[in-house]
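Peer 1: Residue numbers (the numbering used here), protein chains in the order written: chain F, 1 to 423; chain R, 1 to 329.
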Amino acid sequence: MKSKKPVFFIVLLVALLMAYTAAFGVEIGSFKIKGAPDIRFGIDIRGGVDAAFQAANLDRKPTPNELEAARTIIETRLDNKNILDRDVTIDKDNGYIIVRFPWKSGEKNFDPADAIAELGETALLTFKDDAGNVLLEGSHVSNSAPQLNRQTNKYSVSLTFDEKGTQLFAKATKELIGKNINIYMDDTLIQTAVVNEAIPSGKAEISGNNFTYDTAKELADKINSGSLPFSLITKNHSTISPTLGSGALDVMLDAGLIAFAIICVLLIIYYRVPGTVACISLLIQTTGQILALSIPQMTLTLPGIAGVILSIGMGVDANVIISERISEEIKSGKTVRSAISSGFKGAFSSVFDGNITVLIVGVILMIFGSGALLSFAYSLLTGIFFNFVAGVTASRLMIRSLSDFDALRKPSLYTCFSKRRTL
Amino acid sequence: MSRDNQSNAPVALTPSGSGILHFFNKRFIFFSISILIMIAGLINLAISGVQLDIQFKGGALLKYTYTGDLNADDAADVATEILGRPVSAQITEDLASKEKRLILNIAGNYGVDASEQVNFDNALKEKFADNKLNLSESQMVEPFFGRKFLTNGIIAIALSFSLVMVYVWIRFSKIGGLSAGVMALVALLHDVLVVFFTCVIFKIPIGDSFVAVTLSIIGYSVNDTIVIYDRIRENHDLHPKLPVETLTDLSISQSITRSLNTNIAVFLSVSLVFIMAKANSIDSIQSFALPMAIGAVSGCYSTICIAGPLWVMWQKRKEKKDPKKLANA
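#1: For the beta strand (DSSP E) containing proline 89/R, list its first residue and its last residue.
#2: Given a cut-off of 8 Å on the beta-carbon distance, is the pair glycine 178/F and valine 157/F in contact?
#3: Report yes if the CB atom of arginine 258/R is closer than 8 Å to the CB atom of valine 297/R, and no otherwise.
#4: Spatial neighbours of lysine 222/F within its chain, please: CB distance less than 7 Å, with the 5 preceding and 5 following residues excluded, ordered by chain position.
#5: Thinking just about the alpha-carbon of each residue, which of Ile284/F, Lys171/F and Ile83/F is nearest to the one in alanine 19/F?
#6: Which of the three DSSP states, helix, strand or coil, is assigned to proline 303/F?
#7: Consult DSSP for alanine 407/F and reduce its assignment to one of helix, strand or coil.
#8: Does the beta carbon of glutamate 245/R come closer than 8 Å to any beta carbon on chain F?
#9: Do phenylalanine 376/F and glycine 307/F have their CB atoms nearer than 8 Å?
#10: Between arginine 85/R and chain F, is the shortest Cβ-Cβ distance under 8 Å, so that the two count as touching?
#11: Examine chain R for any beta-carbon lying closer than 8 Å to the beta-carbon of isoleucine 269/F, and answer yes or no.
#12: So, at 6 Å on beta carbons, what are the nonlocal neighbours of arginine 86/F in its own chain, with the 5 sequence-adjacent residues on each side left out?
#13: Using beta-carbon positions only, say whether glycine 95/F and glutamine 151/F come within less than 8 Å of one another.
#14: Is any beta-carbon of chain R found at less than 8 Å from that of leucine 397/F?
#15: Determine, using beta carbons only, whether threonine 198/R comes closer than 8 Å to chain F.
#16: Drop a sphere of 10 angstroms on the beta-carbon of tyrosine 220/R, count the other beta-carbons inside from all chains shown, and report buried for 16 or more, exposed for fewer.
#17: Cα-Cα, which of Ala407/F, Val273/F, Ser403/F and Ser412/F is closest to valine 427/F?
#18: Measuring CA to CA, which of Gly371/F, Met366/F, Val88/F and Val320/F is closest to glycine 346/F?
#19: Here's a check: name, in chain order, each residue in its chain whose Cβ is nearer than 8 Å to the Cβ of valine 26/F, leaving out the five neighbours to either side.
#20: Please go through the same chain and pick out, in chain order, the residues whose beta-carbon is closer than 6 Å to the beta-carbon of cysteine 264/F, but skip the five residues on each side of it.
#21: Using only CA atoms, which one of Ala198/F, Ile360/F, Val11/F and Leu373/F lies nearest to alanine 392/F?
#22: Starting from the beta carbon of leucine 310/F, find every residue of chain R whose beta carbon is closer than 7 Å, and list them in chain order.
#23: Span of the beta strand (DSSP E) holding glycine 59/R?
#24: Going along the stretch 332-348 of chain F in order, which residues come within less than 8 Å of chain R, judged by CB to CB distance?
#25: Please identify, using Cβ separations under 7 Å, the residues of the stretch 273-305 of chain F that lie next to chain R, in order along the chain.
#26: Rounded to the nearest angstrom, what separates lysine 100/R and asparagine 224/F at their Cα positions?
#27: By DSSP's criteria, arginine 100/F is part of a beta bridge. Which residues make up the other side?
#28: Return the first residue and the last residue of the beta strand (DSSP E) that asparagine 143/F is part of.
#29: Please decide whether threonine 234/F counts as near chain R, where near means a Cβ-Cβ distance under 8 Å.
#30: Evaluate the contact criterion for the stretch 243-258 of chain R versus the stretch 193-210 of chain R: three or more CB pairs, one atom per stretch, below 8 Å.
#31: Provide the residue span of the alpha helix (DSSP H) that contains phenylalanine 9/F, from first to last.
#32: Using a threshold of 8 Å, state whether the C-beta atoms of leucine 249/F and arginine 46/F are closer than that.
#33: For lysine 5/F and proline 296/F, what's the separation of their Cα atoms in angstroms?
#34: Can you tell me whether serine 2/R is buried or exposed? The criterion is at least 16 other CB atoms within 10 Å of its CB, across all chains shown.
#35: Roughly how many whole angstroms lie between the Cα atoms of phenylalanine 425/F and glutamate 68/F?
#36: How about proline 143/R and asparagine 109/R: are their beta carbons less than 8 Å apart?
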């Protein structure tokens, strides 16, 4: 029979590599694997701002286009504040724009209430000449949209003005032939365009070689935002200060590391060889889960951590069931090798059934859950995946491999302390 | 994948063996314990009611850290004056850092607009200029969001309950799948109630962390119950002649080390999280770790002491009604 001795070391190496990657991330040239330092934490853990904006003074639901335009305003303002790690989503059904952003590390002097208030202010879109004189305001633009010019096959942005806007624009373009018109949102220049000819019709086109559909749409959205018929208010917002937020993170991290160490010590003392294997397999599971969160940059919230705790609990359980079974089989008089294989066989169905039921809960949550529940469901699903990979497969590979060493074939190394003899 | 029971060596059973713990005989003690816990929970519920998190009921909450001395009533009066809404104030002190905190609860089930809050913040800081007020946490919530979240949560929980039951029903058809599924649900409800009453007794507001904890406990409790059912199913094949109560006691006894060990590991870690959060006064983590720790204990208890014996009672009733059917099942 071929020796399986090296298998243990290969799995151990994989576990250590995963642990290293998860703890520090890996960067080779332009290739980067994000690790724990890059995990995106929800504002309930790291602190930050969570706000839902809704239209004020509007007796109807805002249209999807209006919401898009409002989102653009908020995005632009966040850019100006250099808040890049953010999450702006639209709830079209209910007419909300939801903004979430965590604190930057080291953030101390930041007034969240002020920031939220500023984000929601009505945007003022203006068309100015080079001297800074306002030619017309965004409220005179009745519509702006990206369009494809069939002849040149290039994208451009169309502008349609209302009656007053048509007059103002005609006058401005007549005077500024060969010169620039600059479009500002608040105090930010968003586009400069050279006037080619006078445009009296109230319909214009901003074209350029660099427009793609996305950039044309972005500009059109920004221009539309200037004609929003409503301002934004926030009845719904919460902030958690950076000091409180990072405190939560440190506490969870410390508690997690200590708990992991205690569990490992207990497993090794109680279950010897299978216990040691269980620790390595838990390491694979935990680090796998960290990578599953950090690589796709899923936001980890407190409910998400509940999911991680649950799946680590399930991982401990899978390993405990396996170790118990092996110990039981050995007590009933089997050799180490056959105890291992029947132990795994006996443990498999309960580990499998247990995981599948939790999987059902996870999938249902993924479908029906919202917000915080999604983070929970995601941790749970990835946890179950790694539980199968680590708790079942990797553990089996490692135990089988270890039992090939003569020194590790003593039955006493596989039996636990339990004096209970049930049969 | 199915287990290959033929590979297991035949085992001899010692009927009065010291190894078997007699859970079934003591079932009424366990049922009474659980019922007492439920009654205690209900009494607490009647007295103090449920505290819904601001997320679910809507409203506004502001937490400030401050230095020096501050009178909570003064602060509330000033806040009421500025906002024109009734405000209640509360003062807490951090055990570890001795940091003092002023918590302002603004009445009404609607939030405060951000620009309104800026004005309020400035005015309050001006009035208490010596106390160096600093906003540490704020929550302004329209109940709409919470309601949507709660409805989704309840739909999700109800659906996963029923699907889990169907799964158990199918997978454990050998040992009376439906009864097994129903009893797993009874154990689940037991644990959900324990988590809920924990929140009531410790005055932990019901918010999204409650939903997450409940779901974790559901997952954990189902897993626990299934491990035991699995053992029952296996022993059912090994010892087809065994009376159902002995079968169950035997199966529980065989897997009790595992149940306790896993439970101790989970309980230990979650308690550690709780203790450290308590020392650092981080409410959000405390209100999540405490019910989770207690729920984990309950999950282990309900599986062994409630689901197992109840399932036996169901089987015995069926046996009485139709002895032949059970023998073939």
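All residues carry an ideal CB built from backbone N, CA and C; glycine is no exception.
Peer 2: If we stick to the structure as given:
#1: As a working mapping, residue 89/R is identified with position 89 in the second sequence. A quick correction: the sequence has alanine, not proline, at residue 89/R. Looking at the DSSP string, the run of the beta strand (DSSP E) that includes alanine 89/R is 87-93.
#2: The sequence position of residue 178/F within the first sequence is 178, counting from 1. The sequence position of residue 157/F within the first sequence is 157, counting from 1. No. Outside cutoff.
#3: In the second sequence, residue 258/R corresponds to position 258, counting from 1. In the second sequence, residue 297/R corresponds to position 297, counting from 1. Arginine 258/R is not a Cβ neighbour of valine 297/R, given a cutoff of 8 Å.
#4: Taking the first residue of the first sequence as position 1, residue 222/F is located at position 222. If we look at lysine 222/F and ignore the five residues flanking it on each side, its Cβ neighbours are Thr72, Thr76, Met185 and Ile190.
#5: Working through the first sequence from its first residue, we reach residue 19/F at position 19. For alanine 19/F, the closest C-alpha among the options Ile284/F, Lys171/F and Ile83/F is that of Ile284/F.
#6: Position 303 of the first sequence, counting from 1, holds the residue named residue 303/F. Helix.
#7: Here residue 407/F refers to the residue found at position 407 when the first sequence is read from its first residue. The answer is helix: DSSP assigns alanine 407/F an H, G or I state.
#8: To locate residue 245/R, count along the second sequence from 1; it is residue 245. For glutamate 245/R, the answer is no, since every Cβ of chain F falls outside 8 Å of its Cβ.
#9: Sequence index remark: in the first sequence, residue 376/F carries index 376 (1-based). Sequence index remark: in the first sequence, residue 307/F carries index 307 (1-based). It is a contact, given that the beta carbons lie within the stated cut-off.
#10: Position 85 of the second sequence, counted from the start, is the residue given in the question as residue 85/R. For arginine 85/R, the answer is no, since every Cβ of chain F falls outside 8 Å of its Cβ.
#11: Along the first sequence, read from residue 1 onward, the residue named residue 269/F stands at position 269. With respect to chain R, the C-beta atom of isoleucine 269/F has no partner C-beta closer than 8 Å.
#12: Residue 86/F sits at position 86 when you count from the first residue of the first sequence. For arginine 86/F, where only same-chain residues beyond five positions count, the Cβ hits under 6 Å are Leu78 and Phe101.
#13: Within the first sequence, numbered from 1, the residue matching residue 95/F stands at position 95. Within the first sequence, numbered from 1, the residue matching residue 151/F stands at position 151. Against a cut-off of 8 Å, the Cβ pair of glutamine 151/F and glycine 95/F comes out as no contact.
#14: Locating residue 397/F in the first sequence gives position 397, counting from the first residue. No, no contact with chain R.
#15: For the purposes of this step, residue 198/R is identified with residue 198 of the second sequence, where counting begins at 1. For threonine 198/R, the closest Cβ of chain F is not nearer than 8 Å.
#16: Working through the second sequence from its first residue, we reach residue 220/R at position 220. When all chains shown are included, tyrosine 220/R counts as buried.
#17: Limits of chain F in this structure are 1 at one end and 423 at the other, which puts residue 427/F out of reach.
#18: Start at 1 with the first residue of the first sequence, and residue 346/F comes out as number 346. Cα-wise, what sits closest to glycine 346/F is Val320/F.
#19: Along the first sequence, one-based indexing puts residue 26/F at 26. Within the same chain, valine 26/F has close Cβ partners Tyr20, Lys32, Ile33 and Gly35.
#20: Numbered from 1 along the first sequence, position 264 holds the residue referred to as residue 264/F. Scanning its chain for C-beta atoms nearer than 6 Å, with the 5 sequence neighbours on each side dropped, one finds around cysteine 264/F the residues Cys279, in chain order.
#21: Counting from 1 along the first sequence, the entry for residue 392/F is found at position 392. Note that residue 392/F corresponds to valine in the displayed sequence, not to alanine. Comparing Cα-Cα distances from valine 392/F to each of Ala198/F, Ile360/F, Val11/F and Leu373/F, the minimum goes to Val11/F.
#22: Residue 310/F sits at position 310 when you count from the first residue of the first sequence. Those are Ser216, Gly219 and Tyr220, listed as they occur along chain R.
#23: Here residue 59/R corresponds to residue number 59 of the second sequence, with the count starting at 1. Run containing glycine 59/R: 59-66, per the beta strand (DSSP E) assignment.
#24: Taking 8 Å as the cut-off between beta carbons, the residues of the stretch 332-348 of chain F near chain R are Ser332, Gly333, Lys334, Ser342, Lys345, Gly346 and Phe348, in sequence order.
#25: Result list: Leu302 and Pro303.
#26: Residue 100/R sits at position 100 when you count from the first residue of the second sequence. Residue 224/F sits at position 224 when you count from the first residue of the first sequence. Distance between the alpha carbons of lysine 100/R and asparagine 224/F is about 48 Å.
#27: Walking along the first sequence from the start, residue 100/F turns up at place 100. Answer by DSSP bridge pairing, in chain order: Asp50/F and Asp87/F.
#28: Here residue 143/F corresponds to residue number 143 of the first sequence, with the count starting at 1. Its beta strand (DSSP E) spans residues 141-149.
#29: Residue mapping note: residue 234/F aligns to position 234 of the first sequence, counting from 1. So yes, threonine 234/F belongs to the interface.
#30: Segments in contact, no.
#31: Sequence index remark: in the first sequence, residue 9/F carries index 9 (1-based). Counting along the chain, phenylalanine 9/F sits inside the alpha helix (DSSP H) bounded by residues 5-24.
#32: Looking up residue 249/F in the first sequence gives position 249. Looking up residue 46/F in the first sequence gives position 46. Yes, the pair counts as a contact, with Cβ atoms nearer than the cut-off.
#33: By one-based count along the first sequence, residue 5/F stands at place 5. By one-based count along the first sequence, residue 296/F stands at place 296. So the alpha carbons of these two residues sit roughly 35 Å apart.
#34: Within the second sequence, residue 2/R is the residue found at index 2, counting from 1. Because serine 2/R sits at a pLDDT of 44, beneath the cut-off of 50, its placement in the model cannot be relied upon, and the following sentence gives the value as read from the coordinates. Exposed: under 16 other Cβ atoms inside 10 Å.
#35: In this structure chain F extends from 1 to 423, so residue 425/F is not present and cannot be described.
#36: As a working mapping, residue 143/R is identified with position 143 in the second sequence. As a working mapping, residue 109/R is identified with position 109 in the second sequence. The Cβ atoms of proline 143/R and asparagine 109/R lie closer than 8 Å to each other.
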